[in-house]
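The structure appears right after this line, and notes come after that.
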Amino acid sequence: MSAIVTIVTMTFRQVLGVRRMIGLALLALAPAAIFLLSPGRIDPFVGVTIGLLFSVAVPVITLILASTVLGEERREGTLSFIVLRPIPRVSIAFAKLVAAVGSAFVLTGVGALAMAMVMGIRTDEFGYVVPFLVGSLVATLAYAGVFVPLGYVTERATIVGLAFVFIWESAVAGTIPGLAATSPWRIGFGALVGLAPDEFGAAVPDFALGTMQPGAGGAAVRVLVVIALALWLTTTILRKRDLA
Amino acid sequence: MTSEARSPAFVADATVEVLGVSKWFGQKVAVSDVSCSFGPGVTGLLGPNGAGKTTLLRMLTGLILPSEGTVQVLGVEPRNRVEVYEKIGLVPEEDAVYGFLTAREFVTYAAKLSGVTDVAGEADRVLRAVEMTDAADRAISEYSKGMRQRTKVAAALIHNPQILVLDEPLNGTDPVQRAHLIRLFRELGSAGHTVIVSSHVLEEVQRMTDRVIAMVDGKLAAAGDVAAIRRAMTDIPYRVLIESDDSRGLATSLVGAEYVQGVRLSGDSIHIETRDLASLGTDIARVARDLDARITTFRPEDESLESVFRYLVRRR
Chain A
126 MSAIVTIVTM
136 TFRQVLGVRR
146 MIGLALLALA
156 PAAIFLLSPG
166 RIDPFVGVTI
176 GLLFSVAVPV
186 ITLILASTVL
196 GEERREGTLS
206 FIVLRPIPRV
216 SIAFAKLVAA
226 VGSAFVLTGV
236 GALAMAMVMG
246 IRTDEFGYVV
256 PFLVGSLVAT
266 LAYAGVFVPL
276 GYVTERATIV
286 GLAFVFIWES
296 AVAGTIPGLA
306 ATSPWRIGFG
316 ALVGLAPDEF
326 GAAVPDFALG
336 TMQPGAGGAA
346 VRVLVVIALA
356 LWLTTTILRK
366 RDLA
Chain B
6 MTSEARSPAF
16 VADATVEVLG
26 VSKWFGQKVA
36 VSDVSCSFGP
46 GVTGLLGPNG
56 AGKTTLLRML
66 TGLILPSEGT
76 VQVLGVEPRN
86 RVEVYEKIGL
96 VPEEDAVYGF
106 LTAREFVTYA
116 AKLSGVTDVA
126 GEADRVLRAV
136 EMTDAADRAI
146 SEYSKGMRQR
156 TKVAAALIHN
166 PQILVLDEPL
176 NGTDPVQRAH
186 LIRLFRELGS
196 AGHTVIVSSH
206 VLEEVQRMTD
216 RVIAMVDGKL
226 AAAGDVAAIR
236 RAMTDIPYRV
246 LIESDDSRGL
256 ATSLVGAEYV
266 QGVRLSGDSI
276 HIETRDLASL
286 GTDIARVARD
296 LDARITTFRP
306 EDESLESVFR
316 YLVRRR
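Protein chains in written order, with the numbering used here: chain A, 126 to 369; chain B, 6 to 321.
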């Protein structure tokens with residue numbers, strides 16, 4: 126257990142550089158700022174949440190941080206430093222996933238919280254805080270499950286990840302309702318809609334959730350499956366792949 | 006006694022065994038049918054750049070799986086074996102360090118990952134062992150290459166491993182640091198650790214150990230004690246590069262010397278072939294003095310070592 130905590134702590138130091146954090150924090154807070162400047166109440170709130178926070182800020186932030194946690198170690202040769210210590214591969218994979226989620230949620234959580242707080246200030250309805258935090262956490266977990274192993278297997282993780290987000294999730298899963306569950310942000314958004322006040326759910330357009338039923342329970346099951354698969358895949362890659 | 010046991014590539018008390026190991030990456034063969042073993046004491050893994058040393062060392066640690074053959078460390082295949090990693094330490098060739106950490110933080114990290122109980126005490130011990138105590142609290146990104154090398158050695162030593170694998174650990178070190186590290190490796194070898202050190206510089210290896218495994222083009226070129234390999238090497242000439250402000254004069258004076266087998270002048274550089282490096286070294290100083298010439302470079306050329314290794318491979 127202490128090795129896992131040690132790796133998580135070191136990975137935080139590794140990925141949370143000041144300049145990177147400033148850039149990503151601006152991205153995380155941009156949706157709340159845009160909503161603040163938008164006239165109207167629920168429609169811009171839902172629109173900015175879907176159009177910027179969940180489908181752009183959360184995936185891009187998580188992509189940049191999660192693909193780094195193993196990818197940068199492999200590129201810089203420090204991964205051999207870790208894998209040659211007496212630590213089971215599954216512990217290394219778990220620690221890296223925790224670090225990816227933790228570092229990304231610092232930002233995606235702040236972005237989601239800011240969005241909910243702006244809504245609360247404008248309407249005196251603060252019931253969005255928990256749904257937004259849960260939704261962004263679920264989406265961050267799901268994206269980390271995809272992008273941690275991706276960062277290890279390819280040096281072009283950012284390009285591949287952006288293609289996944291903007292081609293697969295937006296163009297494909299957005300037009301074929303049955304594929305909504307393959308979209309990490311939609312899994313998180315499903316949790317948000319399930320927990321948010323009813324007027325939020327009523328304003329959500331069909332393409333956002335496809336055939337998925339909103340609800341925290343379904344989202345939790347989906348994200349657990351994604352994380353379990355990610356842990357298995359990352360462990361397998363660490364065990365099988367040469368570090369030449 | 007088996008033929009393996011009689012071969013100089015094998016030792017009786019092996020802790021690391023390599024049997025018929027080959028490794029290829031796509032069409033490129035990096036290591037070809039290498040068999041040898043390593044035991045307590047220092048063994049030099051010698052060969053020119055690109056000989057396959059790094060690939061072999063990474064197979065010994067389980068970072069790379071052989072395409073063919075087997076590697077055993079303490080009786081088991083090393084890949085993914087926690088019990089092996091408790092007893093093995095690697096200093097990789099590349100700069101595998103976290104620049105944002107200090108050396109003390111880096112070895113502390115290594116200690117925690119290795120399950121060391123007295124983390125601070127062991128960190129102090131290894132930093133002292135590599136003479137990095139004074140600089141231990143500065144960021145690694147500010148270090149010279151030699152300091153980074155010593156930091157990597159400290160991290161590899163943190164759990165007092167039975168087997169230490171060092172890939173070109175003297176690269177970038179100055180003569181004082183080099184002498185200190187060589188002494189440290191010798192002490193570890195004398196204390197019963199299996200120390201495997203790769204280098205492309207014969208003189209470095211010679212100062213560390215009498216036992217050498219030489220590789221070239223991915224193949225085992227020679228094994229055994231350095232003197233025997235050295236004798237084999239004298240069958241073909243050394244090539245030496247000399248640069249001077251009077252290269253033409255020096256070349257003219259040396260061309261008739263008994264130990265000089267060939268002289269080629271190229272601009273201000275003289276390329277000399279000789280079987281007697283010591284005599285050349287002695288005479289060149291006298292000739293330069295007589296001519297009032299200043300020698301700016303005198304060094305064996307890398308290709309010389311490589312050509313010797315190739316020669317050894319051809320002879321096998």
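Think of the CB as a built atom: it goes at the ideal place given N, C-alpha and C, for glycine as much as any other residue. Quick caveat: nothing in here was measured; it's all calculated off a predicted structure.
Worksheet item: Among GLN182(B), THR214(B), LEU207(B), ASP222(B), which residue has its Cα nearest to the Cα of THR199(B)?
Response: THR214(B)
Worksheet item: Can you tell me the Cα-Cα spacing of SER3(B) and ASP38(B), whole angstroms?
Response: No statement about residue 3(B) is possible, as the shown extent of chain B runs from 6 to 321 and does not include it.
Discussion item. Quick check on ARG216(B): buried or exposed, where buried means 16 or more other Cβ atoms within 10 Å of its Cβ?
Written reply: buried
Practice prompt. Determine which residues of the stretch 200-221 of chain A have a Cβ less than 9 Å from any Cβ of chain B, and write them out in chain order.
Written response: GLU201, GLY202, THR203, LEU204, SER205, PHE206, ILE207, VAL208, LEU209, ARG210, PRO211, ILE212, PRO213, ARG214
Worksheet entry | Contact set between ARG364(A) and chain B, taken where Cβ atoms lie within less than 7 Å | ASN85
Worksheet item: Buried or exposed: where does ARG210(A) fall if 16 or more other Cβ atoms within 10 Å of its Cβ makes it buried?
Response: buried
Worksheet item: Considering only C-alpha positions, which residue in the set LEU171(B), GLY31(B), PHE190(B) is nearest to PHE206(A)?
Response: LEU171(B)
Worksheet item: Does the distance from the C-beta atom of LEU304(A) to that of ALA296(A) stay below 8 Å?
Response: no
Fill in: Close beta carbons around THR336(A), own chain, < 7 Å, minus the five adjacent residues each side
PRO302, GLY303, ALA305
Worksheet entry | Under 8 Å by beta carbon: chain A residues contacting PHE30(B) | ALA369
Discussion item. Would you say MET135(A) lies against chain B (beta-carbon separation less than 8 Å)?
Written reply: yes
Fill in: Proximal chain B residues relative to ALA128(A), where beta-carbon distance stays under 8 Å
LYS117, LEU118, GLY120
Fill in: Three-way DSSP call (helix, strand, coil) for GLU99(B) in this model
coil
Practice prompt. Return no unless some Cβ of chain A is closer than 8 Å to the Cβ of LEU95(B).
Written response: yes
Discussion item. Bridge partners for SER274(B) per DSSP, in chain order?
Written reply: GLU248(B), SER271(B)
Item to complete: Classify PRO174(B) as buried or exposed, calling it buried when 16 or more other Cβ atoms lie within 10 Å of its own Cβ.
Response: buried
Worksheet item: If you measure from the beta carbon of ILE168(B) to each beta carbon in chain D, is any gap under 8 Å?
Response: Any reference to chain D falls outside this structure, whose protein chains are A and B.
Worksheet item: the stretch 139-167 of chain A: which residues have C-beta closer than 9 Å to a C-beta of chain B, in chain order?
Response: GLN139, GLY142
Discussion item. For THR113(B) and ILE163(B), what's the separation of their Cα atoms in angstroms?
Written reply: 8 Å
Discussion item. Less than 8 Å between the beta carbons of ALA225(A) and ALA158(A), yes or no?
Written reply: no
Worksheet item: In the structure shown, what three-state DSSP assignment does LYS92(B) receive?
Response: coil
Fill in: Nearest-angstrom Cβ-Cβ length linking GLY272(A) and ALA191(A), presumed shorter than 8 Å
The identity of residue 272(A) in the sequence shown is Phe, whereas the question assumes Gly. Indeed, because the Cβ distance is near 4 Å, the residues count as touching under 8 Å.
Discussion item. Taking the beta carbon of ILE218(B) as the centre, do at least 16 other beta carbons fall within 10 Å, making it buried, or is it exposed?
Written reply: buried
Item to complete: Go to TRP310(A), then tell me how far its beta strand (DSSP E) extends in each direction, as first and last residue.
Response: Unbroken run through TRP310(A) is the alpha helix (DSSP H), 309-320; no beta strand (DSSP E).
Worksheet item: Between which two residues does the beta strand (DSSP E) containing GLU73(B) stretch?
Response: 73-78
Worksheet item: Looking only at C-alpha atoms, which of THR122(B), ARG304(B), GLY25(B) sits nearest to TYR243(B)?
Response: ARG304(B)
Worksheet item: Under a Cβ-count criterion, where at least 16 other Cβ atoms within 10 Å of its own Cβ denotes burial, should ILE277(B) be classed as buried or exposed?
Response: buried
Discussion item. Using only the alpha-carbon positions, how far apart do LEU151(A) and ILE175(A) sit?
Written reply: 18 Å
Worksheet item: What separation, rounded to the nearest whole angstrom, lies between the Cα atoms of ILE247(B) and THR302(B)?
Response: 5 Å
Worksheet item: Can you tell me the Cα-Cα spacing of PRO339(A) and ARG311(A), whole angstroms?
Response: 9 Å
Worksheet item: Per the contact definition of three or more C-beta pairs closer than 8 Å, is the stretch 10-25 of chain B in contact with the stretch 288-295 of chain A?
Response: no
Item to complete: Would you be able to state if there are at least three C-beta pairs under 8 Å between the stretch 74-91 of chain B and the stretch 19-34 of chain B?
Response: yes
Discussion item. For ARG214(A) and ARG364(A), I'd like the C-alpha separation in whole angstroms.
Written reply: 7 Å
Practice prompt. Out of ASP251(B), LEU282(B), SER274(B), point me to the one whose CA is closest to ASP295(B)'s CA.
Written response: ASP251(B)
Discussion item. Just verifying my parser: in three-state terms, what is the DSSP assignment at SER119(B)?
Written reply: coil
Worksheet item: Around the C-beta of ILE246(A), are 16 or more other C-beta atoms found within 10 angstroms, so that it is buried, or is it exposed?
Response: exposed
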